[in-house]
Amino acid sequence: KAGVTQTPRYLIKTRGQQVTLSCSPISGHRSVSWYQQTPGQGLQFLFEYFSETQRNKGNFPGRFSGRQFSNSRSEMNVSTLELGDSALYLCASNERDHRETQYFGPGTRLLVL
Amino acid sequence: AQKITQTQPGMFVQEKEAVTLDCTYDTSDQSYGLFWYKQPSSGEMIFLIYQGSYDEQNATEGRYSLNFQKARKSANLVISASQLGDSAMYFCAMREGMGTGRRALTFGSGTRLQVQP
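Those protein sequences? They're chains U and C, same order as listed.
To convert, take the position in the first sequence, counting from 1, and add 15; that gives my numbering.
To convert, take the position in the second sequence, counting from 1, and add 557; that gives my numbering.
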């Protein structure tokens, strides 16, 4: 089975711009979660989508949004980028068993200048 | 209060030796899951091992085992026979409310393990 894929892998933007990141989960997984990883704050949960619905949301401003499509692919969008949004954005898809283990993609490294 | 605490920012171990990475957690939930992930410099998080709060046996996955002490709220990762490829960041994570549809993981700050030849 193919793993979680994320595109693009690297991105450079300037302050004020917006960005869209894409995630394709493992085939058969219907739940996708997004995390932000920074040196200062570590790994923080952004939001989770299941069957095209946002089920959980972390403590991030409204500039961070996401959606999920009927094929379970997910996108996250960050509007009005700030320098502090520079981070590794990780997407994970959830195994459909009692553990619901999250399997992560390679991440998108976003640099905001 | 921190939900997941990893007190060792960095660890060194000789190749072929065993190493223990510490993790303590804080939750009032009765049903929760504990996960360990490895993050090489490439950035991808690799799932290593899982321990459920109701599991009576300590989890094992190949060279990885989890020393689960529920009363002390600790879930230490033991890597046996370390290999050079084990050099990476290691994260302990917890999911509270297992089976409730809450899937968010809370991560610790990580431990950087360096395996020396």
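Ideal Cβ placement from N, Cα and C applies to all residues, glycine included.
Show which residues of chain U have a CB atom less than 8 Å away from the CB atom of residue i.
{"i": "ARG669 (chain C)", "result": "The contacting residues do not exist; ARG669 (chain C) stays about 12 Å from chain U at best."}
{"i": "PHE592 (chain C)", "result": "THR116 and GLN117"}
{"i": "TYR607 (chain C)", "result": "ARG114 and THR116"}
{"i": "SER588 (chain C)", "result": "Per Cβ cutoff of 8 Å: no residues; SER588 (chain C) is ~10 Å from chain U at best."}
{"i": "PHE648 (chain C)", "result": "LEU58"}
{"i": "SER666 (chain C)", "result": "GLY57"}
Over the uninterrupted beta strand (DSSP E) stretch that includes residue i, give me the two end residues.
{"i": "THR584 (chain C)", "result": "Neither: THR584 (chain C) is in no beta strand (DSSP E) and is coded neither H nor E."}
{"i": "ARG82 (chain U)", "result": "79-83"}
{"i": "LYS560 (chain C)", "result": "It is not in any beta strand (DSSP E) - LYS560 (chain C) carries neither H nor E in the DSSP assignment."}
{"i": "LEU578 (chain C)", "result": "576-578"}
{"i": "GLN21 (chain U)", "result": "20-22"}
Residues bridged to residue i by DSSP?
{"i": "THR35 (chain U)", "result": "U:ASN92"}
{"i": "GLU63 (chain U)", "result": "U:SER48 and U:ASN71"}
{"i": "ILE27 (chain U)", "result": "U:LEU126"}
{"i": "ARG669 (chain C)", "result": "C:GLY567 and C:MET646"}
{"i": "GLN117 (chain U)", "result": "U:ASN109"}
{"i": "GLY55 (chain U)", "result": "Answer is none; GLY55 (chain U) lacks a bridge partner."}
{"i": "GLY590 (chain C)", "result": "C:GLY609 and C:ARG652"}
{"i": "LEU98 (chain U)", "result": "Bridge partners of LEU98 (chain U): none, in fact."}
{"i": "LEU103 (chain U)", "result": "U:GLN52 and U:ARG124"}
Do residue i and residue j have their C-beta atoms closer together than 9 Å?
{"i": "GLY518 (chain C)", "j": "ARG30 (chain U)", "result": "No answer is possible for residue 518 (chain C): the residues shown for chain C start at 558 and end at 674."}
{"i": "SER46 (chain U)", "j": "PHE65 (chain U)", "result": "yes"}
{"i": "MET651 (chain C)", "j": "GLU115 (chain U)", "result": "no"}
{"i": "GLN52 (chain U)", "j": "TYR118 (chain U)", "result": "no"}
{"i": "MET602 (chain C)", "j": "GLN596 (chain C)", "result": "yes"}
{"i": "THR617 (chain C)", "j": "TYR647 (chain C)", "result": "no"}
{"i": "ASN615 (chain C)", "j": "LEU605 (chain C)", "result": "no"}
{"i": "LEU98 (chain U)", "j": "ILE27 (chain U)", "result": "no"}
{"i": "ARG660 (chain C)", "j": "ASN109 (chain U)", "result": "yes"}
{"i": "LEU61 (chain U)", "j": "PHE664 (chain C)", "result": "no"}
{"i": "ASP579 (chain C)", "j": "SER631 (chain C)", "result": "yes"}
{"i": "PHE570 (chain C)", "j": "VAL635 (chain C)", "result": "Going by the sequence as given, residue 570 (chain C) is Val instead of Phe. Against a cut-off of 9 Å, the Cβ pair of VAL635 (chain C) and VAL570 (chain C) comes out as no contact."}
{"i": "LEU670 (chain C)", "j": "MET568 (chain C)", "result": "yes"}
{"i": "ASN131 (chain U)", "j": "GLN33 (chain U)", "result": "Because chain U spans 16 through 128 in this model, residue 131 (chain U) falls outside it and cannot be assessed."}
{"i": "SER6 (chain U)", "j": "GLU63 (chain U)", "result": "Chain U is shown from 16 up to 128; residue 6 (chain U) falls before or after that span and cannot be answered."}
Find the residues of chain A that neighbour residue i, judging by a C-beta separation of less than 9 Å, and give them in chain order.
{"i": "GLY120 (chain U)", "result": "No chain A appears in the structure shown, which is made up of the protein chains U and C."}
At a threshold of 8 Å, does residue i count as lining the ligand SAH (C-beta to nearest heavy atom)?
{"i": "GLN59 (chain U)", "result": "The ligand SAH is not part of this structure, which contains no ligands at all."}
What residues from chain C crowd round residue i, counting only those whose CB sits closer than 8 Å?
{"i": "SER37 (chain U)", "result": "Within chain C, no residue comes near SER37 (chain U); the closest Cβ sits about 16 Å away, beyond 8 Å."}
{"i": "SER48 (chain U)", "result": "ARG660, ALA661 and LEU662"}
{"i": "GLU63 (chain U)", "result": "ARG660 and ALA661"}
Whose Cβ in chain U lies nearer than 7 Å to the Cβ of residue i?
{"i": "GLY658 (chain C)", "result": "ARG70"}
Residues of chain C with a CB under 9 Å from the CB of residue i: which are they?
{"i": "ASN92 (chain U)", "result": "Ordered by position in chain C, no residue passes the 9 Å Cβ test against ASN92 (chain U), which lies about 19 Å from the chain."}
{"i": "PHE67 (chain U)", "result": "Checking the sequence, you will find Glu at residue 67 (chain U) rather than Phe. Residues of chain C passing the Cβ test: none, with the nearest at roughly 15 Å."}
{"i": "GLY182 (chain U)", "result": "Given a span of 16 to 128 for chain U in the structure shown, any question on residue 182 (chain U) remains unanswerable."}
For this session: Jot down the residue ranges of each uninterrupted beta strand (DSSP E) in the region 595-657 of chain C, minimum 3 residues, whole runs only, in chain order.
Result: 603-609, 621-626, 631-636 and 645-653
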